[in-house]
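In UniProt numbering, the protein residues as written are 1 to 231.
C-beta atoms are modelled at their ideal positions from N, C-alpha and C, and glycine is treated no differently.
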Amino acid sequence: MQFVGGNFTLKKNGPELVEACKVDDVETARGCLERCPYSIHFKDAEGLTPLHVAAAHDSKKCVVALVDSAPAVPARTPCGDTALHTAARSGAPQASAMLIASHDFALDAPNTWDETPLHLAASSGSLETVKYFIGAGADKTLRDHMRRTPYNVAEDLGYDDELLSLLAVDDDEEPVTSRVEPSAAPAPPPPPERAVPTKPPPAGAAANVVRDRRKTNIAAARKELEEALAL
Numbered sequence: 001m002q003f004v005g006g007n008f009t010l011k012k013n014g015p016e017l018v019e020a021c022k023v024d025d026v027e028t029a030r031g032c033l034e035r036c037p038y039s040i041h042f043k044d045a046e047g048l049t050p051l052h053v054a055a056a057h058d059s060k061k062c063v064v065a066l067v068d069s070a071p072a073v074p075a076r077t078p079c080g081d082t083a084l085h086t087a088a089r090s091g092a093p094q095a096s097a098m099l100i101a102s103h104d105f106a107l108d109a110p111n112t113w114d115e116t117p118l119h120l121a122a123s124s125g126s127l128e129t130v131k132y133f134i135g136a137g138a139d140k141t142l143r144d145h146m147r148r149t150p151y152n153v154a155e156d157l158g159y160d161d162e163l164l165s166l167l168a169v170d171d172d173e174e175p176v177t178s179r180v181e182p183s184a185a186p187a188p189p190p191p192p193e194r195a196v197p198t199k200p201p202p203a204g205a206a207a208n209v210v211r212d213r214r215k216t217n218i219a220a221a222r223k224e225l226e227e228a229l230a231l
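Right, dumping it as structure tokens:
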């Protein structure tokens, strides 16, 4: 299925947008979105959207541009990963910080294997990424399908004591299997996409409020990240 946007199709702009996201080429990414707004919904052979790819490569500028442009950010991969899961899995601290700040993602949402983003951040071994999730309030007590907490994941992979100490569950915290009700589990893959209008409908006042909120949150996260990296 190809969505037409001006004289360009999703088939052309989608792959170009994905490649731009791999190297954080935000100007090319914006050009793709201007020519074909629906290229933001493109999925590669692995079921990854451009935002998933930007998150995996820690492409901060592209993450910001895509979150600001996306009408429905939390798309999932075939294994139930949101872009926040992908950033965590890759140990991408900057992308994780921006996605957390956008407030468009459930911080403790499980994927198909009941892995939360914190489980995946723990598996990456990235101390900085884990710190962002812990600081944002990620639940350290949740268990994946193998009944492992994020601490157990890091321990199994042989990571050092500094990372383990961050993930350790306090004595008054009892690990639980999941905080998400069955009805909130990842939905099955959606049916084939239908053709959509050439141009998206104009955003209403509510959409403008959401977009302004995203920009404010992302700007604050960017400032915090830059200050942290300057230390």
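Partner residues in a beta bridge of L118, as assigned by DSSP, do not exist. A distance below 7 Å between beta-carbons, with the five flanking residues on each side excluded, links K60 to the following residues of its chain, in chain order: D24, Q94, A95 and M98. Our two residues, T28 and A56, have alpha carbons roughly 18 Å apart in a direct line. Put simply, the backbone Cα of V153 is about 6 Å away from that of A122. Around the beta-carbon of P78, fewer than 16 other beta-carbon atoms lie within 10 Å, marking it exposed. Taken in chain order, the complete alpha helix (DSSP H) segments of 4 or more residues contained in the segment 119–158 are 127–135 and 150–156.
Within a 10 Å sphere around the beta-carbon of G158 sit fewer than 16 other beta-carbons, which makes this residue exposed. The shortest C-alpha to C-alpha distance from T86 to any of F42, N111 and G31 is the one to N111.
Taking a 10 Å sphere around the C-beta of S90, we find 16 or more other C-beta atoms and assign the residue as buried.
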